[in-house]
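Each position in the sequence shown, counted from 1, maps to that position plus 68 in my numbering. Just so you know, even glycine gets a beta-carbon here, dropped at the ideal spot from N, CA and C.
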Amino acid sequence: MFLGVRDYGDWRSVAWMARLKWLPADAWRWDFEAGNALVENMTALQNHVRLDYASGGFDYRFAPRWLATAGLLAGRFDDSNRRTRLNGRLEYRLAEAPRVTLGAEGMAFRDSDPPNPGRGYWSPDSYRELKLALAAEAQHQGWDLYLKAALGKLWEDPGGSNNLYQLEASARHGVGDWGVARFYGGYSDSAGLTQGGGGYWRWYLGTTLDIPF
């Protein structure tokens with residue numbers, strides 16, 4: 069469980085998150101989470117946009133090389149717009165050392181009362197996406213390395229359909245007795261690579277340090 073305070077100058081808000089993992093059998097893992105989150109762009113922060121949510125999902129390894137996952141999220145924005153989201157994934161392990169997996173991923177959500185776009189958060193009436201993804205994981209000189217590439221298609225209403233691609237990478241390494249440092253980044257685009265522009269794009273970089281106590 070996590071409890072803290074977010075401070076953005078003229079706006080402070082309580083930050084909290086609770087998470088539960090349940091392993092009823094070797095092939096199953098269940099995850100449950102509840103908390104609140106902010107939409108971290110300037111317009112949304114200026115409008116004090118907040119999302120309260122609860123989610124649950126499972127991983128099921130029904131065969132040695134196969135993994136199926138599914139999850140459901142129910143959330144409520146501070147303007148009373150409610151979002152319901154469903155996601156799922158089916159993947160097959162092609163190789164070990166390095167571990168290479170090929171998978172199909174899907175996600176869809178629906179909003180009850182999409183707000184004026186001026187609030188600063190993306191909120192179509194409904195959204196769906198399907199992707200094929202290839203991921204590789206390896207260990208090298210104490211580093212845990214991860215790379216993923218995905219290509220697919222999205223549909224949103226109002227709007228239309230676009231091609232979608234995504235790149236992700238991360239590296240983890242132990243830092244003496246301090247814990248584990250992680251460096252990560254990614255980039256996604258809904259049209260630029262395959263249709264010559266339009267759509268949306270997003271990139272991110274970050275680092276974390278997990279300190280056990």
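Start and end residues, alpha helix (DSSP H) containing residue i
| i | result |
| --- | --- |
| MET110 | 110 to 114 |
Contact check, residue i vs residue j, beta carbons under 9 Å
| i | j | result |
| --- | --- | --- |
| LEU106 | ARG87 | no |
| GLU197 | LEU219 | no |
| SER123 | ARG151 | no |
| TYR160 | ARG129 | no |
| LEU141 | LEU158 | no |
| GLY242 | TRP271 | no |
| LEU277 | SER238 | no |
| GLU173 | LEU200 | yes |
Distance between residue j and residue i (C-alpha atoms, nearest Å)
| i | j | result |
| --- | --- | --- |
| LYS89 | PHE100 | 6 Å |
| ARG187 | ASN115 | 6 Å |
| ALA112 | ALA204 | 35 Å |
| GLY210 | VAL248 | 11 Å |
| ASP94 | ASP127 | 11 Å |
| LEU261 | TYR255 | With a pLDDT of 46 at LEU261, under the threshold of 50, the modelled position of this residue cannot be trusted; read the value that follows with caution. Rounded to the nearest angstrom, the two C-alpha atoms are 12 Å apart. |
| ALA165 | LEU273 | 27 Å |
| ARG167 | LEU202 | 11 Å |
| GLU108 | GLY171 | 29 Å |
| ALA131 | TRP96 | 11 Å |
| SER81 | LEU162 | 45 Å |
Limits of the beta strand (DSSP E) - the one that residue i falls within
| i | result |
| --- | --- |
| PRO92 | 80 to 93 |
| ASP179 | 167 to 179 |
| GLN234 | 229 to 243 |
| SER123 | 118 to 131 |
| ASP75 | 70 to 75 |
| TYR160 | 150 to 163 |
| TRP134 | 134 to 145 |
Integer Cβ distance of residue i from residue j, believed to fall under 8 Å
| i | j | result |
| --- | --- | --- |
| ASP120 | GLY156 | Not a contact, Cβ separation roughly 24 Å. |
| PRO183 | ASP193 | So it is not a contact: roughly 12 Å between Cβ atoms. |
| TYR189 | GLU224 | Actually they are not in contact, since the Cβ atoms of TYR189 and GLU224 sit about 14 Å apart, beyond 8 Å. |
Residue i - partner residues in DSSP beta bridges
| i | result |
| --- | --- |
| TRP271 | TYR255 |
| ARG196 | ALA176 and TRP223 |
| VAL107 | Partner(s): none; VAL107 has no beta bridge. |
| ARG187 | Answer is none; ARG187 lacks a bridge partner. |
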